Amino acid sequence: MHPLRTEIAAIRRRARCLGFVQGASRFVAMASAGAIAWMVSDYVFRYQEQGIRALGLVAVAGVAVWAAFEHLVPLLAWRLSPVDVARVVDARVPALAHRAASALEFAELAAVSGTPGSFRGDAAATSGSRRLREAVVAEASLAMSDARLDTVLDYRPTLRAVATALAVLSAGAALFAGSPENARLALARFVNPTSDVPWPPRHRLAFDPAVDRLAQGDAFEIRVVERDGNLPDEVWMEYADAADAADAGASEPPSLDAAEARVAMQRVGDAMIARRENVRTSFWYRATGGDDTAMPWRKLEVVESPRLATCQIVVHAPEYTAWPPMASPRAIRALVGSRVGIDAEANRPLASAAVVLESGVRIPLAIDSSGRRVSLAADGVGGWTVDDSRSYQFELVARDGTRSRSSDERWELQPIVDLPPVVAIESPPAVVYATPQARIRLRVAASDDLALSRVSLVRRLVRGASPVVAEGEANADRAEQAFETFRATKPAAEPRDGEHPLARWPRDHRIGPVNAEWRLASLAPQAGDTIEYEAVAVDRGGRETRSPTQRILVVSPQEFLDRAIDQQAHIAEQLLRAIELARQSQRSLAALRVKVQQSGTLSDADADALRAVETEHRQVVRILVEPATGVAPLCEALLADLDANGVALPDSNRRVEQIRSEIRRLEREEFGPFDRAFADVWTALRASRPSAASLAAALAGAIARHDRIVDTLAALHEALAHWDNVRRVSREAAEIRRIEQGLLSRSIELARTTLGVRIDDLPADTRAELVQLVESQRDLRRRLDRIQSRMDKLLASVSTDDPHAAGILTDALDFLATNPIAGQLSTAADQIAANRLGQAAETQTTAVRLLGELLALLDNRPETDPERLAERLAAASKRLEELRREFGLVAPGVREAAGIDERAQRAAAAARLDPVAKALSRDLARLARETVRLDALQAGERIARSAAALDGIAAAVVERAAGVPATTKAIEADLAAAANLLAAAARRLESQRIREHLATIAEAAAGILRRQEMLLAESKGFEQFATSATADAWKNATADAIERQEALAVETGALAATAKVEAFGVALRTAADEMREAAGLLGAARTLGRAADLQRLAIGRLRQLVAATAPVEAPPDAPPPPPHDPDAEPAVPPPGAVHVVEELRLVRAMQAALNDRTAAFHALAGNAAPTEEARRQLAALAAEQQRLAELFRKLFVDVNNPAASDAPSDDQQRPTIPSDDAPSPIGP
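Per my numbering: the sequence shown = residues 1 to 1228.
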């Protein structure tokens, strides 16, 4: 065969194969796709009718037949000749130039001729030139050998057909692999459409959980879920009565179509819910939905629910209430924290029982062997304690699994919270100023809904920015101190018989107001410190509440006096404001009275004026008596503050008390009647037929009442006028002193830079500043001169109207005369001008001091510095003795002149005596005012009385009054009594200073006592270590204790050195010696017991010292002190040193302790021969007894005159030894 023909035949065969593959693939794809599509449709739509399934099979078969005729049958009839293939090759291979078909025909001619490659016969004759045909065949063969014949056939349609068929088959395989069971079922239903093979249901409903048993009366609630998680949109719950099931007994399930009720279920999340309330009888139930319609019936059996037939509940209130256990109904009302006990009996045997609280807490109940009795012990482990739950229920489970009905066994629980107490400090205010020696009067109110346990005050001393910690304490929390103001002594109120303890809740147990007095000296504050304090209330349950923090700002007595004077100025301003308003109202009322007299009525404008008067009167009342801000309350608060701080302003106090009493009298007697009289005016004015007479009478009554108020206020104003003038002078003097203090500070600063430098060598700005200082000094001199001139004029105006103010001005002018402050100011100016700033500073310091003393005179201030007060008291006593001697020289002449018969001679003698008597009277009056400023009021009164009597004695002599000799004796008696009173005041001052000193000593000793007690406890711990410790271990263990014991001994000895009372010094020195000896004995284990004994002795002495300074209350049956008689003759102070009862307390305590030690020694030693140690102890006891005897002798023997004290006369009583049980005559 010719090669060209062979190539064309090969192409023809490949083309035929491709056609068959493509046709078969398309047939398979279409037939498979039809079958798969129908089976998927059958799966989705779940065809139940066999006819539809048969039609589907026929349709798929039709598709397959059509595909076979379309794609397979044409291939069987395909008859494509080689020449036709060659023509296709020529068309698809351009390189052949359409020569393949011609060459193939020429090749076939040659084959026919019998010689390949040659052309013979008729065919050749008709086919043209042989050589040309051969050339064409050769060229075509050559061209086909060079051409790419693989491009002749298009493989892409075949590949697409194959891919489609594979894709369809892969989809089918995937469906089969994904769900083989469904795939086999679909194939079976497809192959045999007449079979009854069903599809599995799409929805598989199930109960979660199923309910088979229910308590009678309970609600039936069932939950339906889809096992595959795909709930249908609608699910129905079907019910059938168990007693009426069709064709079956109550125990047999009904048929699937026997539902008596069909209820749509509600979707809740991923489940369906059905509910039937109050189920009384058994029934069958099932659920249907989606394609799940064959769920079998399930029976619900209704049985009697387990419940408690009897139940006894006992509530045990918290122990702090002290209430007995109380029976309670099932609706429990109890305090939070109460314990509940239960004893109950169930109607059926139980498998388990519990109390379930609203909070979810589950408390198991104990069940006895019968299963019927349940109990809960109130004091058992895991018991029931009432919390904040509001309800509870009994969860009962019978032995057959039946649960109790929640509605039957749920009960109300009313927990009552025992709230924390409420506490408040009613007084003093939140911030007050006080001196270090002040007595703070506290008023604390507290309440609790049950009962309070205690109320106390917590205080902290803050110095700078941190609390002050007691010496030796490392913990700042110890800076907080507390003392109780109330402690309950009775239990909380018990309930009445048969009454529930909470029947009257809350009980509102109130305490207060509790009044307590707190001495700031117990904290040893200093000026500038702050004391923070709160009231703390604790109830019986231990709950604590603190009031808001309040503060006391500690100031010096001088600063407190400055503040008191400022408060007095504020009181005066408020009073003057009230007086101005009252006078304005008085003028308005007078004008209205004239109007009524003239016209008989009042116009609308007059009524407005009447309303203005009423408003002004209310303002006056508010200014005078408004709580906390009115004049009267301010006066009362000022007087209370002065008294609490131990500061006296006698003159100011008298005026403030006068203002307070008068205003309170107006409040009681005048304000109310005026309001009623004013109401009568409005009644007369608003009458339907006003009467001029009634209106005039009512207005006259109101005016009369108002005039009384104005007159009283005017009198107060007149008394205040002179006081205000003196106060203005005082303010100007205070301003001069303030400026002089600033000039003094500047002089000291300049002195550092100008020292040793000539004035001409100073910088210009420094010289200019010196000039300014000089001018300022001279200006102060001029201002002081003006003040002195004003004081002279003021003295002349008040000498008759206000003798007290005149006395203050006289004292101030006398002070300026004897202390030339103006000269000091001028001298300082000259010294500054000469650049002698050091000398100028000393002169200015003196001027500042003298100005302060002048201010004290103008303000009539008492002396607050104890040292200075003692000096001034001594000076006053000395001056009084001088004046007594002068009067002793004058008195005989007075009595002699009074005895002259001739009037002319008496008058002449009286004229000679009068200048001397008046001068002496002025000196006595001045001394009286000075003693009042020194807080010796009784002495001042007697001296002032003597001065007044002496001032008029010359006139009495002229008139030959019968009482002149008696007057001279009375003056002598008053002056002698005043001398005794001044001496007593000096001793009281010394006693007060000693007591303050002892309080400081006791506070320091208390700190040492606490640390010594801790050290003793630590020493006791060494006893267990002593038996097994080596020498080095013992030394290391006790080194710190020895060091601290030695430090305590040093500190106690230093404290003893500061003691001004010998008994306290002896006690502290003895304690220090014992501590020092104990420190030496702690180093060895064999002497540890002796060291502990010495520590106990030191602790005992410190306790005696602290106890001796503690206040002692008088026993309840002690007789009250006799009333004070101001006219009684004052007692003559005893001579010798000043002692206080605290000394005797300490000596007595030390003697009692010594007696106990002596008795203990005798009991231990007996009558045996004394050992060396016993002799040492006896010597120590004897030495201490000797010291105590000496102390006791000094308490009751005048050391300056021991012989007189040892042998008292018959009319001289020995002093009574006070006891701790009796109140001290000089205070606790």
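Note that CB positions come from ideal geometry on N, CA and C, so glycine has one too. Please read all numbers here as calculations on a predicted model, not as lab measurements.
Can you name, in chain order, every residue of its own chain whose Cβ lies under 7 angstroms from the Cβ of Val-58, other than the five neighbours on each side? none
Three or more C-beta pairs closer than 8 angstroms, one from the segment 982 to 989 and one from the segment 1007 to 1020: is that the case here? no
Give a yes or no on whether the C-beta atoms belonging to Thr-794 and Leu-809 are separated by under 9 angstroms. What sits at residue 794 in the sequence shown is Leu, not Thr. If you check the CB distance, Leu-794 and Leu-809 come in under 9 angstroms.
When you compare each of Arg-933, Ala-287, Ala-919 and Glu-930 to Ala-949 by their alpha carbons, which one comes out closest? Ala-919
Which residue from Ser-391, Gly-464, Ile-363 and Val-303 puts its Cα closest to that of Asp-400? By alpha-carbon distance to Asp-400, the top candidate from Ser-391, Gly-464, Ile-363 and Val-303 is Val-303.
Residue span of the alpha helix (DSSP H) that contains Arg-587, given as start and end: 557 to 599
For Leu-1164, count neighbouring Cβ atoms within 10 angstroms of its own Cβ and tell me buried if that reaches 16, exposed if not. exposed
My output table needs one value for Ala-398: the three-state DSSP class, helix, strand or coil. In the three-state DSSP reduction, Ala-398 falls in the strand class (E or B).
To which residues does DSSP link Asn-515 through a beta bridge? Answer by DSSP bridge pairing, in chain order: Arg-443.
For Phe-207, which residues does DSSP report across the bridge? Val-224
Identity of the residues DSSP links to Ala-856 by a beta bridge: Ala-856 pairs with nothing; no bridge assigned.
Nonlocal neighbours in the same chain, by C-beta distance under 7 angstroms from Asp-914, ignoring five residues either side: Ala-954
If you count every other CB in all the chains shown that lies within 10 Å of the CB of Val-73, and 16 or more means buried, which is it? exposed
Say whether chain D places a C-beta atom closer than 9 angstroms to the C-beta of Glu-412. Note that chain D does not occur in the displayed structure, where there is just one protein chain.
Assuming Val-514 contacts Val-462 under a Cβ cut-off of 8 angstroms, what Cβ separation, rounded to an integer in Å, is found between them? Between Val-462 and Val-514 the Cβ distance is about 25 angstroms, and since that is not below 8 angstroms, they are no contact.
Any idea if Pro-180 is buried or exposed, counting beta-carbon neighbours within 10 angstroms, 16 or more meaning buried? exposed
Candidates Leu-396, Gly-963, Ala-438 and Asp-449, of which the one nearest Val-422 by Cα: Asp-449
Per DSSP, what kind of secondary structure is Ala-354 in: helix, strand or coil? strand
In the structure shown, what three-state DSSP assignment does Leu-333 receive? Just to set this straight, residue 333 is Arg in the shown sequence, not Leu. Arg-333 falls in the strand class under three-state DSSP.
Taking all protein chains shown into account, decide if Glu-771 is buried (16 or more other Cβ within 10 angstroms of its Cβ) or exposed. Inspection of the sequence shows that residue 771 is occupied by Val rather than by Glu. Per the 10 Å Cβ criterion, exposed.
Using a Cβ-based criterion (distance less than 8 angstroms to any ligand heavy atom), does Glu-718 qualify as near the ligand NAP? Only the bare structure without any ligand can be found here, which leaves the ligand NAP out of the picture.
So for Ser-921, helix, strand or coil by DSSP? helix
Going by C-alpha to C-alpha distance, which of Leu-937, Ala-446 and Val-431 sits closest to Ile-440? Nearest to Ile-440 by alpha-carbon distance, out of Leu-937, Ala-446 and Val-431, is Val-431.
Cα-Cα separation between Thr-753 and Arg-836, rounded to whole angstroms: 12 angstroms
With contact counted as at least three CB pairs below 8 angstroms, one residue from each stretch, are the segment 290 to 307 and the segment 184 to 203 in contact? With the cut-off at 8 angstroms, the segment 290 to 307 and the segment 184 to 203 touch.
With a 10 Å radius around its C-beta and 16 neighbouring C-beta atoms as the bar for buried, classify Tyr-155 as buried or exposed. exposed
The segment 308 to 316 in contact with the segment 222 to 242 per 3-pair CB rule at 8 angstroms: no
Please go through the segment 857 to 911 and give each complete alpha helix (DSSP H) segment of 4 or more residues, from N-terminal end onward. 866 to 898
Buried or exposed (CB count within 10 angstroms, at least 16 for buried), Thr-967: buried
Terminal residues of the continuous beta strand (DSSP E) containing Gly-1065? Run containing Gly-1065: none in the beta strand (DSSP E); it sits in the alpha helix (DSSP H), 1062 to 1081.
Residues bridged to Phe-283 [DSSP beta-bridge criterion]: Asp-241 and Leu-300
Under 9 angstroms, do Asp-71 and Arg-26 count as touching if we go by C-beta distance? It should be noted that the sequence gives His, not Asp, for residue 71. Result yes, Cβ atoms of His-71 and Arg-26 sit closer than 9 angstroms.
Tell me the DSSP secondary structure of Glu-544 in three-state form. strand
Measuring alpha carbon to alpha carbon, tell me which of Ala-242, Leu-231, Arg-286 and Phe-283 ends up nearest Gly-269. Leu-231
Okay, do the segment 667 to 686 and the segment 579 to 587 touch, 3+ Cβ pairs below 8 angstroms being the bar? no
Report yes or no: do three or more beta-carbon pairs, one from the segment 916 to 934 and one from the segment 882 to 893, lie closer than 8 angstroms? yes
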